[in-house]
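Number of protein chains: 2
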Amino acid sequence: MAPWKAARVGDPVKLIDTPALVLDLDAFERNLRRMADALAGRGVRLRAHAKSHKTPEIAHRQIALGAAGICCQKVSEAAIFVEAGIQDVLVSNEVVGASKIEQLMRLAKRARLGVLVDHPSQVHALAVAAASAQAPLDVYVEVNVSNRCGVAPGEDAAALAVQVAEHPPLRFAGLQVYHGPAQHLRSPAERAAAIAATVDSARVTRDLIVARGLACPRITGAGSGTFLLERDSGVFNEIQAGSYIFMDRDYADNQLGESDLRFEHALFVRTTVMSRSTPARAVVDAGLKASSVDSGLPRVWQRPDLRYVKASDEHGVIETPAGAGLELGDALMLVPGHCDPTVNLYDEIVCIRGDRVEAIWPVSARGALL
Amino acid sequence: MAPWKAARVGDPVKLIDTPALVLDLDAFERNLRRMADALAGRGVRLRAHAKSHKTPEIAHRQIALGAAGICCQKVSEAAIFVEAGIQDVLVSNEVVGASKIEQLMRLAKRARLGVLVDHPSQVHALAVAAASAQAPLDVYVEVNVSNRCGVAPGEDAAALAVQVAEHPPLRFAGLQVYHGPAQHLRSPAERAAAIAATVDSARVTRDLIVARGLACPRITGAGSGTFLLERDSGVFNEIQAGSYIFMDRDYADNQLGESDLRFEHALFVRTTVMSRSTPARAVVDAGLKASSVDSGLPRVWQRPDLRYVKASDEHGVIETPAGAGLELGDALMLVPGHCDPTVNLYDEIVCIRGDRVEAIWPVSARGALL
Numbered sequence: 001m002a003p004w005k006a007a008r009v010g011d012p013v014k015l016i017d018t019p020a021l022v023l024d025l026d027a028f029e030r031n032l033r034r035m036a037d038a039l040a041g042r043g044v045r046l047r048a049h050a051k052s053h054k055t056p057e058i059a060h061r062q063i064a065l066g067a068a069g070i071c072c073q074k075v076s077e078a079a080i081f082v083e084a085g086i087q088d089v090l091v092s093n094e095v096v097g098a099s100k101i102e103q104l105m106r107l108a109k110r111a112r113l114g115v116l117v118d119h120p121s122q123v124h125a126l127a128v129a130a131a132s133a134q135a136p137l138d139v140y141v142e143v144n145v146s147n148r149c150g151v152a153p154g155e156d157a158a159a160l161a162v163q164v165a166e167h168p169p170l171r172f173a174g175l176q177v178y179h180g181p182a183q184h185l186r187s188p189a190e191r192a193a194a195i196a197a198t199v200d201s202a203r204v205t206r207d208l209i210v211a212r213g214l215a216c217p218r219i220t221g222a223g224s225g226t227f228l229l230e231r232d233s234g235v236f237n238e239i240q241a242g243s244y245i246f247m248d249r250d251y252a253d254n255q256l257g258e259s260d261l262r263f264e265h266a267l268f269v270r271t272t273v274m275s276r277s278t279p280a281r282a283v284v285d286a287g288l289k290a291s292s293v294d295s296g297l298p299r300v301w302q303r304p305d306l307r308y309v310k311a312s313d314e315h316g317v318i319e320t321p322a323g324a325g326l327e328l329g330d331a332l333m334l335v336p337g338h339c340d341p342t343v344n345l346y347d348e349i350v351c352i353r354g355d356r357v358e359a360i361w362p363v364s365a366r367g368a369l370l
Numbered sequence: 371m372a373p374w375k376a377a378r379v380g381d382p383v384k385l386i387d388t389p390a391l392v393l394d395l396d397a398f399e400r401n402l403r404r405m406a407d408a409l410a411g412r413g414v415r416l417r418a419h420a421k422s423h424k425t426p427e428i429a430h431r432q433i434a435l436g437a438a439g440i441c442c443q444k445v446s447e448a449a450i451f452v453e454a455g456i457q458d459v460l461v462s463n464e465v466v467g468a469s470k471i472e473q474l475m476r477l478a479k480r481a482r483l484g485v486l487v488d489h490p491s492q493v494h495a496l497a498v499a500a501a502s503a504q505a506p507l508d509v510y511v512e513v514n515v516s517n518r519c520g521v522a523p524g525e526d527a528a529a530l531a532v533q534v535a536e537h538p539p540l541r542f543a544g545l546q547v548y549h550g551p552a553q554h555l556r557s558p559a560e561r562a563a564a565i566a567a568t569v570d571s572a573r574v575t576r577d578l579i580v581a582r583g584l585a586c587p588r589i590t591g592a593g594s595g596t597f598l599l600e601r602d603s604g605v606f607n608e609i610q611a612g613s614y615i616f617m618d619r620d621y622a623d624n625q626l627g628e629s630d631l632r633f634e635h636a637l638f639v640r641t642t643v644m645s646r647s648t649p650a651r652a653v654v655d656a657g658l659k660a661s662s663v664d665s666g667l668p669r670v671w672q673r674p675d676l677r678y679v680k681a682s683d684e685h686g687v688i689e690t691p692a693g694a695g696l697e698l699g700d701a702l703m704l705v706p707g708h709c710d711p712t713v714n715l716y717d718e719i720v721c722i723r724g725d726r727v728e729a730i731w732p733v734s735a736r737g738a739l740l
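These protein sequence lines map, in sequence, to chains A and B.
Residues 1 to 370 (our numbering) are what the first sequence spells out, left to right.
Residues 371 to 740 (our numbering) are what the second sequence spells out, left to right.
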């Protein structure tokens, strides 16, 4: 952790030390509102995905605008959000191992906690721990629709749901049906086809569970790239979008259909030109330790003439055409390729409004991997 | 930061919570010794690159085995190492901006500090700050050999050196000549060709500087992939290797020549199988927030039958052939694709010897981006 801060509340934006993770509060608040409006009155609620931001200040704002709670991917993330006062947390992931399950049950005594299962042995381990802790736990069966975790849709998933229901204090809460790769299919038609199949898998599985006499209250999933499809599916009743608050370059590369919502870039890596020894390139101080490149390189914000072409650990190389006018010490804003792992590189988000720093928010769950 | 620790000193390795960054101390110590032996008695010293490890415990061990000091890429990293008692630190990078230069000069009052320049305006800014702080500063001219930072070899670099020498208390300390991309050229012949050209650039520039009546005491650069070439060049007298202590998958993919040293994998991401719902794949709990994928995916250690084929934020998908015998809850060790940005994801390194946790080292400069 750096021994000094990139900025303080009240600083002019131009004095922010770099590289720094910067949130444009006006754009962020418009994104929050746009999502709330998109779900209002439709019987579909938001469970905001906190793996994107890892920041309690943001979770509280999402809940204030109607989110039912948050989801996250790690028990240690859940612990940080419960500690910050979030009362409804779904670990939208399988949790394996005695020590992690023990931590999970500790949290289940303080807040409403949920978790996924995709294997009978997980149900057994959770049931033993929940009985010992004497705490309820919402358990969702994860249905595989994109070859990562999850059991096969249909009979396999229904059988696992029945197993959960047979083990109080586990509560069978419903199905997690998330198609990750569909979020970044570029054309609306491709996304629609992938989610149509996803919805079918969810519906078939739900109907089988109901036919066995079980309630299947919640069908949860979706992300920022496809959530309108799940919203309008008649099957999903909970949306786990996360990136909509920030909008990274990878999401912006999706082509939008006529009815798709346009979220704005709100998250940036502020960077400084630190080498300008030839006219053809500028080197900036934000490389791959400042902006995760797993989903491609960042884009230079509002400077279509500049191309960020190469990231090394601590450097970014920017191609500069003649007349680019970029000087040593000039600042640029980068739109990260992928917001989630970029946020995970920072201890704080510098929140700006106009040309002033309005707040500094700790990324409290940064590095919470366990 | 996770609200609990992955491990404690004395724990059996099999109880380490995952994902965790694990250092095999026996392999690490052999790597340290191998580097020290390779440089001993050759008039070429090691300035260990601390951007790889960001860990004072490791820097002290490198210095105890003969390293002259460390280098790092950020002023905030330098501050952490000076605070930890390291007395000779080169920021092997350009430093631009009044606040960063002010921090640099604060450190220059407490330890021997060096920095690079590649532009006359940087020399001017450093000279003003050094005069104001009344502290000496070693200044190296960076010579461009791989199209990142640095001035052109020859006259441009020599002119900048003269400018530095004319501005006490700046001390012209020599040349930084680092060819980053050459470190990962796969064949020994390609690396030799790239470094031969690098050495020529260094020699020509040095000779021009000396011809102008200036001493050029230090020619520094090189990395873990090429340092034997620079060692034997007759021109370089300082080596900035960093990754040799850990050895990542990317370095291991280099083909070695007959005389090349073989460093061992010492750094691993320990991970657990968290989903095993089909025979064809296992999903582990270490994705791209646990192991940086900028230089490719991790390799599964000592399990050539298993292939890590896909990373998402919190998941890794491993192809499992029939008979792989991998069960839910089983642990694997991954060799990260790229050690530097992977270390930067963790607050602590879990140091093991045999089947026990021997130490926990804080990654004190994790996230020190400024």
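Heads up, the beta-carbon is just placed ideally off N, CA and C, and yes, glycines get one too.
Computed from a predicted model, the values in this text were never measured in an experiment.
Interface with chain A (8 Å Cβ-Cβ cutoff): residue 374 of chain B is included. For residue 644 of chain B, the residues of chain A that pass the 7 Å Cβ criterion are 94, 96, in the order they occur in the chain. Using a C-beta cut-off of 8 Å, the stretch 719 to 732 of chain B makes no contact with the stretch 683 to 695 of chain B, since fewer than three inter-stretch Cβ pairs fall below that distance. With distances taken between CA atoms, residue 509 of chain B lies nearest to B:496 out of B:697, B:502, B:496. Here the C-alpha atom of residue 558 of chain B lies approximately 30 Å from the C-alpha atom of residue 586 of chain B. At a beta-carbon threshold of 8 Å, the residues of chain B lying near residue 313 of chain A are 421, 443, 710, 711, ordered along the chain. For the beta strand (DSSP E) assignment, the uninterrupted runs of no fewer than 3 residues enclosed by the stretch 242 to 291 of chain A are, from N- to C-terminal side, 267 to 278, 281 to 284.
In the three-state reduction of the DSSP assignment, residue 586 of chain B falls in the coil class, being assigned neither a helical nor a strand state. Between residue 267 of chain A and the set A:53, A:23, A:333, the nearest pair of CA atoms involves A:23. One finds nothing in chain B with a Cβ atom closer than 7 Å to the Cβ of residue 291 of chain A; even the nearest lies about 10 Å away. At a cut-off of 8 Å between beta carbons, residue 184 of chain A makes no contact with chain B.
Contact between residue 483 of chain B and residue 463 of chain B does not hold, since the beta-carbon distance rounds to 12 Å and is not under 8 Å. Taking a contact as a CB-CB distance under 8 Å, the pair residue 711 of chain B and residue 334 of chain A does not count as one, their CB atoms being some 17 Å apart. Only buried fits residue 707 of chain B, as 16 or more other CB atoms lie within 10 angstroms of its CB. Three or more beta-carbon pairs separated by less than 8 Å are not found between the stretch 244 to 260 of chain A and the stretch 203 to 221 of chain A, which leaves the two stretches without contact. Residues of the same chain with a CB within less than 6 Å of the CB of residue 285 of chain A, apart from the 5 flanking positions on each side, are 18, 19, 271, 272, 274 in chain order.
Taking the Cα of residue 65 of chain A as reference, the smallest distance to any Cα among A:46, A:77, A:75 is reached at A:46.
The Cβ-Cβ distance between residue 226 of chain A and residue 191 of chain A falls below 8 Å. Secondary structure of residue 428 of chain B (DSSP, three-state): helix.
At least 8 Å separates the beta-carbon of residue 403 of chain B from that of residue 633 of chain B.
DSSP places residue 138 of chain A in the uninterrupted beta strand (DSSP E) bounded by 137 to 142. Going by C-alpha positions, residue 678 of chain B is about 19 Å away from residue 624 of chain B.
Within the DSSP secondary-structure output, residue 88 of chain A pairs in a beta bridge with A:112. Within chain B, the C-beta atoms nearer than 8 Å to that of residue 80 of chain A come from 373, in chain order.
Listed in chain order, the positions of the stretch 684 to 708 of chain B with a beta carbon within less than 7 Å of a beta carbon of chain A are 684, 685, 687, 698, 699. Residue environment: residue 472 of chain B is assigned as exposed (fewer than 16 neighbouring CB atoms within 10 Å of its CB, all protein chains considered). Looking only at B:386, B:455, B:651, B:668, the smallest Cα-Cα distance to residue 425 of chain B is reached by B:455. Using beta-carbon distances, residue 56 of chain A does not count as an interface residue toward chain B, since no partner is under 8 Å.
Linking residue 451 of chain B to residue 735 of chain B through their CA atoms gives a straight-line distance of about 8 Å.
The Cβ of residue 586 of chain B sits no closer than 8 Å to any Cβ of chain A. In this structure residue 725 of chain B is exposed. Its beta-carbon is surrounded by fewer than 16 other beta-carbon atoms within 10 angstroms. Neighbours of residue 127 of chain A in chain B, taken as residues at a C-beta separation under 7 Å, are lacking, since the least C-beta distance is about 15 Å.
The CB of residue 387 of chain B comes closer than 8 Å to the CB of 97, 99, 100, 370 in chain A, given here in chain order. Residues of chain A with a Cβ closer than 9 Å to the Cβ of residue 737 of chain B are, in chain order, 1, 2, 289, 345, 346, 347, 366, 367. Of all residues in the stretch 506 to 538 of chain B, only 512, 514, 517, 518, 519, 520, 521, 522, 526 come within less than 9 Å of chain A when Cβ atoms are compared, listed by chain position.
Less than 8 Å divides the Cβ of residue 481 of chain B from the Cβ of residue 459 of chain B.
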